[in-house]
Amino acid sequence: MTETLEEERPISVPSFGVSVQGMEEKAGETLAYCVGDYVRELSRYINLERLDGVTIAIDYKEALLAVDRGYETDFRLTPSSELVEGVAMAVSVVRNGVLKSHLVLNAAYIYSLPYEDDEHYAHSLHLLAHECAHVGLTMTTDKAFPDTLLKKIYDDVADACEGQAYHYHLAYMSQMELSL
Numbered sequence: 006m007t008e009t010l011e012e013e014r015p016i017s018v019p020s021f022g023v024s025v026q027g028m029e030e031k032a033g034e035t036l037a038y039c040v041g042d043y044v045r046e047l048s049r050y051i052n053l054e055r056l057d058g059v060t061i062a063i064d065y066k067e068a069l070l071a072v073d074r075g076y077e078t079d080f081r082l083t084p085s086s087e088l089v090e091g092v093a094m095a096v097s098v099v100r101n102g103v104l105k106s107h108l109v110l111n112a113a114y115i116y117s118l119p120y121e122d123d124e125h126y127a128h129s130l131h132l133l134a135h136e137c138a139h140v141g142l143t144m145t146t147d148k149a150f151p152d153t154l155l156k157k158i159y160d161d162v163a164d165a166c167e168g169q170a171y172h173y174h175l176a177y178m179s180q181m182e183l184s185l
């Protein structure tokens, strides 16, 4: 079996937008283009066909609250704050009846991405790749178990955790089989 060269792998992400909030214009533009380029390259390895877009914000908490999720909900998105500080999220959204993911990134943790010699560059790249993996996993789960994510009602928290863990495990195993 021959290994596919990077430039031969197709880009899986459709056209998408990158918005930057709260940054100086030139720095924000540089970061937006860089994130867009990295997302396109990552899509050669992670299926990102259901990426809705990317928001990079100085005020991460406010950016999460402002995401148009495309469906009615009273649940307010908030960053993790107990054991770890949440700095990025692949938010599930619905567009034209299709479950997609919108990345929201805290600018303070992604800012070094355009500068490969920056000491925080590797962390920024890992953060972006990690969130892109969530996009692919959400899509794989939705395809494997249609009408489950955002729609399945569980009786209690224990059932919800067990059900979601089970579905993600099956979707992950399905994805691994597809990539072999």
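Residue numbers (this note's numbering): 6 to 185. Note that CB positions come from ideal geometry on N, CA and C, so glycine has one too. Since the structure is predicted, the reported quantities are computational estimates derived from the model, not experimental observations.
query                                                                                                          : result
HIS125: first and last residue of the uninterrupted alpha helix (DSSP H) it sits in                            : Neither: HIS125 is in no alpha helix (DSSP H) and is coded neither H nor E.
C-beta neighbour in chain C for ASP73, strict 8 Å                                                              : Absent from the structure: chain C. Only one protein chain is present.
Burial state of LYS31 (16 or more Cβ within 10 Å)                                                              : exposed
Own chain partners of VAL36 with C-beta closer than 8 Å, once the 5 adjacent residues on each side are dropped : In the sequence under discussion, the amino acid at residue 36 is Leu, which differs from the Val named in the question. Correct list, in chain order: VAL25, MET28, ILE61, ALA112, ILE115, TYR116, LEU118 and PRO119.
Buried/exposed call for LEU104, threshold 16 Cβ in 10 Å                                                        : buried
Per-residue burial, HIS131 [other beta carbons within 10 Å of its own, 16 or more giving buried]               : exposed
Beta-carbon gap between GLY141 and ARG100 smaller than 8 Å                                                     : no
Identity of the residues DSSP links to ASN111 by a beta bridge                                                 : ALA62
Three-state class that DSSP yields for ASP42 in the structure shown                                            : helix
Three-way DSSP call (helix, strand, coil) for ASP79 in this model                                              : coil
Where ASP79 falls, given that 16 or more other Cβ within 10 Å makes a residue buried                           : exposed
6 Å CB neighbourhood of ASP147 in its chain, flanking five on each side removed                                : LEU104 and LEU154
Where the beta strand (DSSP E) containing ARG100 begins and where it ends                                      : 93-100
Beta-carbon proximity of ALA95 to HIS128, cut-off 8 Å                                                          : no
DSSP-derived helix/strand/coil call for LEU183                                                                 : In this predicted model, LEU183 has a pLDDT of only 49, less than 50, meaning its place in the structure is not dependable enough to derive any value.
GLU77 burial status per 10 Å Cβ neighbour count (16 or more: buried)                                           : exposed
Through-space distance from GLY58 to LEU82, alpha-carbon basis                                                 : 17 Å
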